[in-house]
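As structure tokens, the structure follows; a few thoughts come after it.
Residue numbers (the working numbering): 1 to 271.
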């Protein structure tokens with residue numbers, strides 16, 4: 001691993017994680033949620049992730065594993081690793097109770113006109129549980145973005161940016177109930193920032209995996225698993241969230257736009 005790429009990977013995963021805090025910060029300044037903007041950028045993020053998963057990561061994974069184990073076995077291992085990534089992130093989602101799921105839609109408007117009762121612990125508990133859920137979800141995303149940046153910095157930057165975009169609504173999801181329970185916007189924002197720090201921690205785990213077990217077989221399995229994780233996040237989290245903001249066509253335009261941007265980028269990069 002090149003030191004420059006490792007530092008870039010840590011920096012980008014830290015940025016992606018802190019975008020959860022940006023979602024919290026938006027609750028301080030936005031008077032109302034810009035649902036059109038969120039629908040479009042969530043769709044855009046999904047388009048980038050899905051396109052790169054099938055066009056870049058899955059083929060690279062298959063190449064690495066067939067080099068190590070031969071064509072037939074390598075193809076099977078690639079497929080198993082891909083769906084293992086899907087199953088892993090699905091299992092994480094299943095372990096998070098649905099009322100505390102970080103992808104439950106929250107709007108800044110929910111913070112306006114709330115009568116705060118400090119003794120009401122239910123909302124605070126919800127906010128804390130959502131923060132924990134975000135931490136759980138951000139961890140594998142940190143691993144994914146780190147691996148992407150280290151192995152292919154130009155594409156890894158795009159993946160980190162896509163993850164960063166989808167972290168913003170998660171920050172809102174954390175901040176809204178915490179503010180509703182405490183009446184303290186700063187505390188709500190801080191909670192969203194803390195929850196995003198799981199992203200660079202995931203990057204640290206990715207670095208350890210690379211340092212200890214770096215070879216074509218491990219690289220192939222990680223590529224395939226990351227592809228599975230990103231596909232699941234796109235179809236289970238990003239697109240449904242974009243749709244729930246109520247702008248179906250904008251989210252689909254974002255999805256197609258993300259794919260178009262990535263296809264053009266790959267052509268310009270000469271892939």
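The beta-carbon is built from N, C-alpha and C at its ideal position, and this holds for glycine as well.
{"Query": "Touch test, the segment 249 to 262 against the segment 44 to 59, Cβ-Cβ under 8 Å, three pairs minimum", "Result": "yes"}
{"Query": "Own chain residues within Cβ distance below 7 Å of residue 228, not counting five before or after", "Result": "82, 83, 84, 85, 86"}
{"Query": "Euclidean distance between Cα positions of residue 184 and residue 267", "Result": "49 Å"}
{"Query": "Residue 247, buried or exposed, once every other Cβ within 10 Å from all chains shown has been counted against 16", "Result": "buried"}
{"Query": "Residue 42 in three-state terms, based on DSSP", "Result": "helix"}
{"Query": "Segment limits, alpha helix (DSSP H) that includes residue 56", "Result": "From DSSP, residue 56 is part of no alpha helix (DSSP H); its letter is neither H nor E."}
{"Query": "Selection from 167, 231, 221, 205 that minimises the alpha carbon distance to residue 15", "Result": "167"}
{"Query": "Neighbour-count burial assignment, residue 200, 16 or more Cβ in a 10 Å radius", "Result": "buried"}
{"Query": "Residue 208 classed as buried or exposed, judged by whether at least 16 other C-beta atoms fall within 10 angstroms", "Result": "exposed"}
{"Query": "Proximity below 8 Å, CB of residue 144 to CB of residue 230", "Result": "yes"}
{"Query": "Where residue 138 falls: helix, strand or coil (DSSP)", "Result": "helix"}
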